[in-house]
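Residue numbers (my numbering): 27 to 305.
Glycine included, each C-beta is placed from N, C-alpha and C at the ideal position.
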Ligand code: FAD
Ligand code: A2P
C-alpha cells in the first residue's frame, strides 16, 4: 500500500518522515525504458508553464548534499499537452542520469519553468518543406514539433531523418511516428505530409547511413521522391552531437541554406543534443 492510499484515520506520520518537496517539484506520471541506454518519462506540467514546441528546460534531482543537480532537456511533448514528456540517455557515471534512470511513477523531479531554445518555428522563414535532422536523443525536440499542428499548417511536407547506431535506438521515434496517424488532433494533418526516414549506421536496417552522407549523395531525395534542398523552399532544424551539428551545417550551407535564430529567422537552426564530445 502506498502512503497516498493509507486509511484516512491513520495518525499523521511524524514530521521527519514526511518527504520534503523539491523546489519546482513535478510528479512523474509514467516511465518507459527503451534500451539499456535510453528511457522516456512524463511528468505533471506546471499550470503556468507556457512553451513553444521544440524548446528545452532545466530538469533534475537533488544531489547528495541536497543541492539541485540540473541538466538541459528538450521537452518532447507538444505545447498543447497537459503533461510534459522527456526522452533521456542513461550515462552510466553521469551525475544526473545515473540517478534519473531509476525514477518511478509518483517520484518528484525538479523542473525550472523557463523554456528556451532555437528549434522553434519563429526562428525560420516561411517555406514549403521542413527537415528535422537528428541523431540519438536529438529527436526529442522533434517529438514535440511532429505532434504540433502548427508544423503541418506551416509546411506542405515534414521530413523526419533520425539516425542511430542500432535499430533499437530508433524505436521511441518509430512508435511515436506510427502513433500520429491515429492521433485525433493531428492524424488527418499528418497523412501524406510526414515523411519518416530512419537510418542506422552499425546494424543492418531498411535504410542505412549517416544523415550527412544520405543528403550529400542525394539518396534521401531519390528514396522519398522529392527534389534536392533549395533555399527558396526548404527549411531545416538540426539536433545532435557537436560533431554531427558541425557536419550537417556544412552540408546545409552547400545547398545554399543559412543559419537563423530567434532574432533573425533564416533557413535553418541548430541546437546541441548534449555537450561533451569534442569540437
Ligand atoms: P553529463 O555530465 O551531463 O554528461 C556526461 C557525458 O555523457 C557527456 O559529456 C556526453 O559525452 C554524454 N552525454 C550526455 N548527454 C548525452 C545524450 N543525450 N546523448 C548521448 N551522450 C550524452 N539529454 C537527453 O538525454 N535528452 C534531452 O532531451 C536532452 N536535451 C538537451 C538539450 C540541450 C540544449 C543540451 C545542452 C543538452 C541536452 N541533453 C539532453 C543532455 C543533458 O543535458 C545531460 O547532459 C544528460 O542528461 C546527461 O546528464 P548527466 O549529468 O548524467 O551527464
Ligand atoms: P556512425 O555510427 O557512423 O558514427 P553517436 O552514438 O556516436 O552519438 O552517434 C549517433 C549516430 O550519429 C550514429 O549513427 C553516428 O554514425 C552518427 N554520427 C555521429 N557523428 C556524426 C557526424 N559527424 N556526421 C554524421 N553522422 C554522425
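As a quick check of your reading: which residues have a C-beta less than 6 Å from at least one non-hydrogen atom of the ligand A2P, in chain order?
161, 162, 189, 190, 191, 227, 228, 236, 237, 238, 267, 269, 270, 273
When you compare only the Cα positions, how much space is there between residue 193 and residue 187?
Within the chain shown, the letter at position 167 stands for residue 193. Within the chain shown, the letter at position 161 stands for residue 187. For residue 193 and residue 187, the distance between alpha carbons rounds to 14 Å.
Quick one, which of 197, 79, 149 has its alpha-carbon nearest residue 222's?
One-based indexing of the chain shown puts residue 222 at position 196. Here the closest residue by C-alpha is 197.
Could you tell me the alpha carbon to alpha carbon distance between residue 158 and residue 184, rounded to whole angstroms?
Here residue 158 refers to the residue found at position 132 of the chain shown. Here residue 184 refers to the residue found at position 158 of the chain shown. Rounded to the nearest angstrom, the two C-alpha atoms are 8 Å apart.
Backbone CA spacing between residue 52 and residue 258 [nearest angstrom]:
Taking the first residue of the chain shown as position 1, residue 52 is located at position 26. Taking the first residue of the chain shown as position 1, residue 258 is located at position 232. So the alpha carbons of these two residues sit roughly 43 Å apart.
Identify, in the order they occur along the chain, each residue of the same chain with its Cβ nearer than 7 Å to the Cβ of residue 127, setting aside the five sequence neighbours on each side.
Taking the chain shown and counting its residues from 1, one reaches residue 127 at position 101. 65, 116, listed in sequence order.
Quick one, which of 220, 166, 297, 250 has its alpha-carbon nearest residue 181's?
The residue given as residue 181 occupies position 155 in the chain shown. If we check each option's Cα against that of residue 181, 220 comes out closest.
State the Cα-Cα distance for the pair residue 68 and residue 83, rounded to the nearest angstrom.
If you number the chain shown from 1, residue 68 lands on position 42. If you number the chain shown from 1, residue 83 lands on position 57. Approximately 14 Å, taken between the alpha carbons.
Does residue 142 pass the burial test, meaning 16 or more other C-beta atoms within 10 Å, or should it be called exposed?
As a position in the chain shown, residue 142 is number 116, starting the count at 1. Its Cβ having fewer than 16 others within 10 Å, residue 142 is exposed.
So, using beta-carbon positions, are residue 102 and residue 56 closer together than 8 Å?
Counting from one through the chain shown, the residue named residue 102 turns up at place 76. Counting from one through the chain shown, the residue named residue 56 turns up at place 30. Taking 8 Å as the Cβ cut-off, residue 102 and residue 56 do not qualify as a contacting pair.
Name the one or two DSSP bridge partners that residue 298 has.
Translated into the one-based positions of the chain shown, residue 298 becomes position 272. Answer is 266, bridged to residue 298.
CA-CA distance, residue 290 and residue 239?
Against the chain shown, residue 290 aligns to sequence position 264. Against the chain shown, residue 239 aligns to sequence position 213. If I take the Cα positions, the gap works out to 29 Å.
Can you tell me whether DSSP reads residue 283 as helix, strand or coil?
As a first step, residue 283 must be located in the chain shown, where it is residue number 257. Residue 283 falls in the coil class under three-state DSSP.
Is the beta carbon of residue 115 within less than 7 Å of some heavy atom of the ligand FAD?
Start at 1 with the first residue of the chain shown, and residue 115 comes out as number 89. Within the cutoff, so yes.
Measuring CA to CA, which of 213, 249, 54 is closest to residue 130?
Translated into the one-based positions of the chain shown, residue 130 becomes position 104. If we check each option's Cα against that of residue 130, 54 comes out closest.
Check whether the Cβ of residue 139 sits closer than 7 Å to any heavy atom of the ligand FAD, and report yes or no.
As a working note, residue 139 is residue 113 in the chain shown. Not under cutoff, so the answer is no.
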